[in-house]
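I have placed the structure first, in the form of structure tokens, so that the comments after it can refer back to it.
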Amino acid sequence: MPFSDIEVSKTLLDKTLSSLTDGVCIVDAKQPKHPILYVNPAFEVMSGYSLQEIIGEDYLFLNSTQTKETELCSVRSALTYGEGCHVILRNTRKSGQMFWCDTTLSSIPDKEGNTCYFISVQKDISDEIQTQKIIAEQISALEDAKRRLEGLAQTDSLTGLYNKRYFELQYPTQYSIAKRNDDCLTVFMVDVDHFKQYNDFYGHLPGDECLKKVAQALNHVFQRTSDFVTRFGGEEFVIFSVGLSELQAQISARNLLEYMKDLKIPQEKSEPPYVTVSIGIASALWEHAMGPNELIERADKAMYLAKSSGRNKAVVY
């Protein structure tokens, strides 16, 4: 016997729907509040309500206030216009426990093509949602850990500036880009004056605080997005700046010297009686063959010239 010749009796329909593990309900499409006419046993188990308690209830009687309004709008539109929809609803069991429900609503037309019933298949996907949430949290935690590790790999733990290792990774690339684009590139070598005396007199913890304040001064003066401020080691700092002319570099250096003067970190064993820095400046001259290391070496030599000629000054190579 062809399947199309089988008479779908109420008994056959009930047995078929009762065998399903997903919740199923049939809804009256013609009544304004779309009351429920039938539910299968799986729906009773999922909701916690008995058949007698459910029959006659509005279709959305299980719905929680935490369901997204966009999902509810889809359901209401489908019920109004006799259409189908597929949504994820946040429902509430009789016990008060909320659960996620993957809901498919389909219309059943009469002989004239008018929607007379809706059949709704509902699957409890709370476990899947919880698993997705756990996975998302684990991924987020891994990404946070990765960012922290990258931060540790890139920054100096004391000052928060970039560290020498990261500088050595970035500097050659930035140097090549600046040279290719014919942009000015300037390197500053900054060294804290008499820092060994400072450590010997005040101690290493105050010495660390001193370096943090110098780092803050550097960040205050070199704020452009193309300024790359690095703690090179000990009391030595390096900055490379793209797009900064030699004259602008000298102005930046003077600003740093003035900022250190205003900062007035006490240094009783030196003259003047506050912490100062010596600065060496070297700018790339693209008309001459010059590698990235040579530019740093020039800035370093200029810094030692500043040291040997009295400190607390800037010298251009």
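Residue numbers for the sequence shown follow this note's numbering, beginning at 1030 and rising by one. Cβ coordinates follow ideal geometry from the N, Cα and C atoms, glycine included.
**OP:** Report the residue from N1248, Q1081, L1314 and P1321 whose alpha carbon sits nearest the alpha carbon of A1282.
**Re:** N1248
Subject >> Three-state secondary structure assigned by DSSP to K1152 >> reply: strand
Original post:
Candidates E1073, K1044 and G1085: which alpha carbon is nearest P1064's?
Top reply: G1085
Subject >> Cross-strand partners of F1257 (DSSP beta bridge) >> reply: F1269
Original post:
Does DSSP classify D1119 as helix, strand or coil?
Top reply: Before going further, note that residue 1119 is Arg rather than Asp in the sequence given. Reduced to three states, the DSSP call for R1119 is strand.
Original post:
What number of angstroms, rounded off, separates the C-alpha of M1030 from the C-alpha of P1070?
Top reply: For M1030, the predicted model reports a pLDDT of 40, less than 50, meaning its position is unreliable; a value from the coordinates is still stated below. So the two alpha carbons sit approximately 30 Å from each other.
Subject >> C-alpha gap between M1319 and C1213, whole angstroms >> reply: 13 Å
Original post:
Leaving out the 5 sequence neighbours to the left and right, which residues in its chain are closer than 6 Å to F1032 when beta-carbon positions are compared?
Top reply: For F1032, the pLDDT reaches just 39, beneath the cut-off of 50, and the residue's location in the model is therefore unreliable, leaving the point undetermined.
Original post:
If you compare alpha carbons, which of S1307, K1293 and M1218 is closest to S1270?
Top reply: M1218
Subject >> Span of the alpha helix (DSSP H), counted from its first residue to its last, around G1236 >> reply: H1233 to V1250
Original post:
So what does DSSP say about P1099, is it helix, strand or coil?
Top reply: Contrary to the premise, residue 1099 reads as Thr rather than Pro in this sequence. T1099 falls in the helix class under three-state DSSP.
Subject >> Reduced DSSP category for L1049 - H, G, I as helix; E, B as strand; rest coil >> reply: coil
**OP:** Identify, in the order they occur along the chain, each residue of the same chain with its Cβ nearer than 7 Å to the Cβ of Q1199, setting aside the five sequence neighbours on each side.
**Re:** F1257
**OP:** Using only alpha-carbon positions, find the residue among K1059, D1051 and T1094 that is nearest to S1076.
**Re:** D1051
Original post:
So is D1220 buried or exposed if we call it buried at 16+ other beta carbons inside 10 Å?
Top reply: buried
Original post:
DSSP on A1311, reduced to helix/strand/coil?
Top reply: strand
Subject >> the stretch 1327-1338 in contact with the stretch 1306-1313 per 3-pair CB rule at 8 Å >> reply: yes
Subject >> For V1074, three-class secondary structure by DSSP >> reply: helix
**OP:** Mind the definition here: the stretch 1121-1140 touches the stretch 1149-1167 only if three or more C-beta pairs lie below 8 Å; say whether that holds.
**Re:** yes
Original post:
Between H1115 and I1268, what straight-line distance do the alpha-carbon atoms span, to the nearest angstrom?
Top reply: 58 Å
Original post:
Of the residues S1106, R1105 and K1097, which one's Cα is nearest the Cα of I1117?
Top reply: K1097
**OP:** With DSSP collapsed to three states, give me the class of T1202.
**Re:** helix
Subject >> Own chain, CB closer than 8 Å to K1336, minus 5 neighbours either side, in chain order >> reply: D1220, D1222 and S1307
**OP:** Could you tell me the distance, in whole angstroms, from the CA atom of I1083 to the CA atom of S1047?
**Re:** 16 Å
Subject >> Environment of Y1204 [buried if 16+ CB atoms lie within 10 Å] >> reply: buried
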